[in-house]
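Accompanying notes for the structure given below.
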Amino acid sequence: MSSGKTARPVATPSVTRQLMQTHAVSAKKSLGQNFIIEPQVIADIVAAAGCDKQDLVLEIGPGLGSLTQSLSAAAGQVLALEIDQSLLAALAESLAACSNVRLLHADALEADLTGLLAEFAGREDLRPGFMAVANLPYYITTPLLMRFLEQPQLPWRRLVFMVQKELAERMQAGPGGKDYGALSLAVQYRAAARLAFTVPPTVFTPRPKVASAVIVLERLAQPPVQVEDEQLFFAVIRAGFGQRRKTLLNSLSSGLELDKQQISAALLAADIEPGRRAETLTLAEFARLAQNLSV
Ligand code: SAM
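Residues 1246 to 1540 (my numbering) make up the sequence shown, in order.
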């Protein structure tokens, strides 16, 4: 914050209300807008991120700017992507003092993240790569996470996301239960996941129906299993869980559009019984299966 103006912290019920009134905006359920109104929660998210002045931080969905203000104070540079045009005037006000924040009107699911972040790549005051920090809108959480996890060229080091508590638990689930799925496997392939803390619905306006949690995903230097063709690996996982009640033989042959003989041979070569379901397979078994499908 170098412009000399002081930022009025947004994360309180009264300042949030005032900003919304002044700029005639209301929270849109369709865009997952639940604004944080508790300053301690903002402080706890920034502490979980552990960013410093050498960090480039990508924020998805700055909303009214509550988290963005604190990220601006803690990080070297913030790139914030907000889809809702009607919030931009309020953001201009709340972030007026935050000269290290670049605010873009963009859809985080569609935006060329690599291209947008490349602009900061040559900055000597910033370490390579970036971290992403956000209070995520519920409806994009899974596709956005899959985008980060499936695309190895995106140089993120750490993801710190407020999500629904149930989703945070799914990320950490192991084989055998209903919580285990494509998201659990993608997370565990690419990252070490840690649930930092949980918060009740009362820290947001409007209040969501369920509890939320902040999850920290630390990128692994190397995936824990060997996979030669990551695209195929993720396609196998998606196909397996696309029809999770079916046997692997059936879900994979219809999901991957391959004949059953080929699937059966790959399953047997990977030492996996064709009658099993995707939810019983470990990460290592999925990796073995993908290896045998690709040869
Ligand atoms: N960061 C603010 C806070 O914590 O108070 C707002 C968080 S609110 C849960 C989610 C924000 O993401 C909203 O501002 C919403 O408009 C924005 N958003 C929703 N979908 C988006 C998308 N596809 N790309 C970028 N922003 C999006």
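By construction, the Cβ of each residue, glycine as well, lies at the ideal position given by its N, Cα and C atoms.
As the structure is a prediction and not an experimental result, all values here were calculated from the model.
Determine whether the beta carbon atoms of Ile1385 and Leu1412 lie at a separation below 8 Å.
Their beta carbons are not under 8 Å apart, which means Ile1385 does not touch Leu1412 by this criterion.
Go to Thr1387, then tell me how far its alpha helix (DSSP H) extends in each direction, as first and last residue.
Taken as a continuous stretch (DSSP letters only), the alpha helix (DSSP H) holding Thr1387 covers 1386-1395.
Drop a sphere of 10 angstroms on the beta-carbon of Gly1367, count the other beta-carbons inside from all chains shown, and report buried for 16 or more, exposed for fewer.
Its Cβ having fewer than 16 others within 10 Å, Gly1367 is exposed.
By the DSSP assignment, the beta strand (DSSP E) with Leu1303 in it spans what residues?
Residues 1301-1305.
DSSP three-state label for Val1378, please.
If DSSP states are grouped into helix, strand and coil, Val1378 belongs with the strands.
Over what stretch of residues does the alpha helix (DSSP H) that includes Leu1513 continue unbroken?
Unbroken alpha helix (DSSP H) run through Leu1513: 1505-1514.
Examine the ligand SAM and report whether any of its heavy atoms sits within less than 7 Å of the Cβ of Ala1353.
Ala1353 Cβ: within cutoff of the ligand SAM.
Rounded C-beta distance between Phe1478 and Phe1531? I'm assuming under 8 Å.
That belief holds up - the Cβ atoms of Phe1478 and Phe1531 are roughly 7 Å apart, short of 8 Å.
Roughly how many angstroms lie between the CA atoms of Ser1248 and Leu1333, to the nearest whole one?
Because Ser1248 carries a pLDDT of 42, less than 50, the predicted location of this residue cannot be relied on, and no value is offered for it.
Suppose you measure from the CA of Pro1284 to the CA of Ala1341; what does that come to, to the nearest Å?
Looking at the two C-alpha atoms, the distance is approximately 19 Å.
Let's see if you can read the secondary structure: which residues bound the beta strand (DSSP E) around Leu1361?
Element bounds for Leu1361: not the beta strand (DSSP E) but the alpha helix (DSSP H), 1358-1363.
Can you find a heavy atom of the ligand SAM that lies under 7 Å from the Cβ of Pro1382?
Indeed, a heavy atom of the ligand SAM lies less than 7 Å from the Cβ.
From the DSSP output, which residues share a beta bridge with Arg1439?
Val1461, per the DSSP bridge assignment.
Could you check which residue in Pro1400, Ala1480, Arg1403 has the C-alpha nearest to that of Leu1430?
Nearest option by C-alpha distance: Ala1480.
Should Ile1460 be listed as close to the ligand SAM, given that the test is whether its C-beta is under 7 Å from any heavy atom?
Outside the cutoff, so no.
Sorry if obvious, but does the Cβ on Ile1281 come closer than 7 Å to a heavy atom of the ligand SAM?
Yes, the ligand SAM has a heavy atom inside 7 Å of this Cβ.
Run through the segment 1281-1329 for me and flag every whole alpha helix (DSSP H) of 4 or more residues, listed as ranges in chain order.
1284-1294, 1311-1319, all fully within the segment 1281-1329.
At what residues does the alpha helix (DSSP H) containing Arg1415 begin and finish?
Its alpha helix (DSSP H) spans residues 1410-1417.
Return yes when the Cβ of Val1323 is within less than 8 Å of the Cβ of Glu1304, no when it is not.
The answer is yes: Cβ separation under 8 Å.
Between Leu1390 and the ligand SAM, is there a pair consisting of the residue's CB and a ligand heavy atom that are separated by less than 7 Å?
No.
If you count every other CB in all the chains shown that lies within 10 Å of the CB of Gln1467, and 16 or more means buried, which is it?
Exposed is the call here.
Taking Val1346 as part of the beta strand (DSSP E), name the residues at either end of that continuous run.
Segment 1346-1350, the beta strand (DSSP E) holding Val1346.
Below 8 Å between beta carbons: does that hold for Leu1348 and Ala1325?
Result yes, Cβ atoms of Leu1348 and Ala1325 sit closer than 8 Å.
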